[in-house]
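Take a look at the structure set out below.
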Amino acid sequence: MHPAAEHSPLGKSSEYISTYTPSLLFPIPRAAKWAELGLSAETLPYVGVDYWNCFELSWLLPSGKPVVAIGEFCFAADSPNIVESKSFKLYLNSLNQTVFVDTQSLEATLQADLSAASGKPVSVRVRSLDDVQADGVGVLPGVCIDDLDISVSDYEQPRPELLKCDESQLIEESVYSHLLKSNCPVTSQPDWGTVVVEYRGAALDHASLLAYLVSFRQHSDFHEQCVERIFLDLQRLLKPEKLTVYARYVRRGGLDINPYRSTETVEFQNVRLVRQ
């Protein structure tokens, strides 16, 4: 478990406060988890973002009438801190009985508070239900590898030694799997996700990738660190010209978390999948 997470509200009984309380946000430094992976803020081999989507966002108009909306928050992958997820939920619930004159003032408040907790600017969009519904459900690029016939017996920790590639064959492709599962390192609750791998490099053996992803099944770590571990293991194996790894996780507590990591500086898309 991350040492800072022991002091967070995660896994503990918490009072739900319904008036604006920014102090509820609990930052967790990324540095300790980076160090586990042999990284530091100065040596990150990727760029990226963490998209968070909130489906339980509500506040009051000056008339006292409630509003419901969906919040989209984009954190920089190299920000000093992540925001612990339950504290994020408690903070968002503290807006329920808080008056904002308009959506823009709500967005400005969210941006200021989350940027302060993260240690880097966070972009915020508050979207109507109609806008999000009009976007529909996204379709992933490439090939799904979930129907491959594999034998699996390792579930306790990631097994990068399972990964195989053909170094004589250089290809560019996108593959994905819906079978990613890990556990919260504090509560042990399951985190379900879909992971996408896009790369140009040595041809990755799809069956080995699937077995490797399934080996996360009982692994305990935060969403962001699982994606970073997958990125690093694939980078070491493939030595790719370019590599992008991202995961779209199923929401818990009205929040979903979607980490993107890439060797390329690109515009990442926050596209909702069918399980989201």
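Each number in the working numbering corresponds to the 1-based position in the sequence shown with 57 added. Glycine is no exception: its CB is placed at the ideal position from the N, C-alpha and C atoms. For clarity, every value in this text was computed on a predicted model and none was experimentally measured.
Runs of beta strand (DSSP E) lying entirely within the stretch 64-126, each at least 3 residues, in chain order: 84-86 and 104-117
Buried or exposed: Asp159, going by 16 or more other Cβ atoms within 10 Å of its Cβ? In the sequence shown, the residue the question calls residue 159 occupies position 102. By the 10 Å Cβ count, Asp159 comes out exposed.
According to DSSP, is Asp313 part of a helix, a strand, or is it coil? Counted from its first residue, the sequence shown places residue 313 at position 256. Strand.
How many Å lie between Gly121 and Gln168 at the Cα? Along the sequence shown, one-based indexing puts residue 121 at 64. Along the sequence shown, one-based indexing puts residue 168 at 111. Distance between the alpha carbons of Gly121 and Gln168 is about 23 Å.
Assess, as a yes-or-no matter, whether the stretch 233-245 is touched by the stretch 200-211 under the definition of 3 or more beta carbon pairs within less than 8 Å. yes
With 16 other Cβ atoms within 10 Å as the buried cut-off, status of Ala134: Here residue 134 refers to the residue found at position 77 of the sequence shown. Ala134 should be labelled buried.
Out of curiosity, what's the CA-to-CA distance linking Leu227 and Ala260? Here residue 227 refers to the residue found at position 170 when the sequence shown is read from its first residue. Here residue 260 refers to the residue found at position 203 when the sequence shown is read from its first residue. If I take the Cα positions, the gap works out to 6 Å.
Please state the DSSP three-state secondary structure of Phe145. As a working note, residue 145 is residue 88 in the sequence shown. Helix.
Short check: CB of Trp249 to CB of Leu267, under 9 Å? Position 192 of the sequence shown, counting from 1, holds the residue named residue 249. Position 210 of the sequence shown, counting from 1, holds the residue named residue 267. The answer is no: Cβ separation not under 9 Å.
Phe279: which of Thr76, Arg87 and Ser80 sits nearest, CA to CA? For the purposes of this step, residue 279 is taken as the residue at position 222 of the sequence shown. The shortest C-alpha separation from Phe279 is found at Arg87.
Would you tell me roughly how many angstroms separate the C-alpha atoms of Pro316 and Leu118, rounded to the nearest one? Position 259 of the sequence shown, counting from 1, holds the residue named residue 316. Position 61 of the sequence shown, counting from 1, holds the residue named residue 118. Taking the straight line from one Cα to the other gives about 33 Å.
For Val243, which option in Tyr269, His276 and Lys221 has the closest C-alpha, if you only look at C-alpha atoms? What you label residue 243 is simply residue 186 of the sequence shown in a count that begins at 1. Checked all of Tyr269, His276 and Lys221; the closest Cα to Val243 is His276.
Report buried or exposed for Thr322, applying the criterion of at least 16 other Cβ atoms within 10 angstroms of its Cβ. Counting from 1 along the sequence shown, the entry for residue 322 is found at position 265. Exposed.
Grab the span of the alpha helix (DSSP H) containing Arg293 for me, first residue to last. Numbered from 1 along the sequence shown, position 236 holds the residue referred to as residue 293. Run containing Arg293: His280 to Leu295, per the alpha helix (DSSP H) assignment.
According to DSSP, is Pro217 part of a helix, a strand, or is it coil? Within the sequence shown, numbered from 1, the residue matching residue 217 stands at position 160. Helix.
Asp248 lies in the beta strand (DSSP E); which residues open and close that run? As a first step, residue 248 is located in the sequence shown; it is residue number 191 there, counting from the start. Pro247 to Leu261 is the extent of the beta strand (DSSP E) around Asp248.
Relative to the C-alpha of Cys111, which residue among Val209, Ser136, Ser142 and Thr100 is closest? Here the question's residue 111 lines up with position 54 in the sequence shown. That would be Ser142, whose Cα lies nearest to the Cα of Cys111.
For Leu267, name the three-state secondary structure that DSSP assigns. Against the sequence shown, residue 267 aligns to sequence position 210. Helix at Leu267.
Would you say the stretch 77-91 touches the stretch 296-303, given that touching needs at least three Cβ pairs under 8 Å? no
Residue span of the beta strand (DSSP E) that contains Thr160, given as start and end: Residue mapping note: residue 160 aligns to position 103 of the sequence shown, counting from 1. It is not in any beta strand (DSSP E) - Thr160 instead sits in the alpha helix (DSSP H) that spans Thr160 to Ser175.
Could you tell me which of Tyr306, Gln282, Ser225 and Leu82 sits nearest to Leu147, measuring between CA atoms? The sequence position of residue 147 within the sequence shown is 90, counting from 1. It is Leu82.
So within the stretch 200-244, which uninterrupted beta strand (DSSP E) runs reach at least 3 residues, ignoring any that extend past its ends? 222-240
What separation, rounded to the nearest whole angstrom, lies between the Cα atoms of Trp116 and Leu312? Mapped onto the sequence shown, residue 116 falls at position 59. Mapped onto the sequence shown, residue 312 falls at position 255. C-alpha separation (whole angstroms): 17 Å.
Express the C-alpha separation of Asn327 and Lys69 in angstroms, rounding to a whole number. Working through the sequence shown from its first residue, we reach residue 69 at position 12. Working through the sequence shown from its first residue, we reach residue 327 at position 270. With a pLDDT of 48 at Lys69, under the threshold of 50, the modelled position of that residue is not reliable, and the figure given next carries that caveat. Going by the C-alpha atoms only, they are around 31 Å apart.
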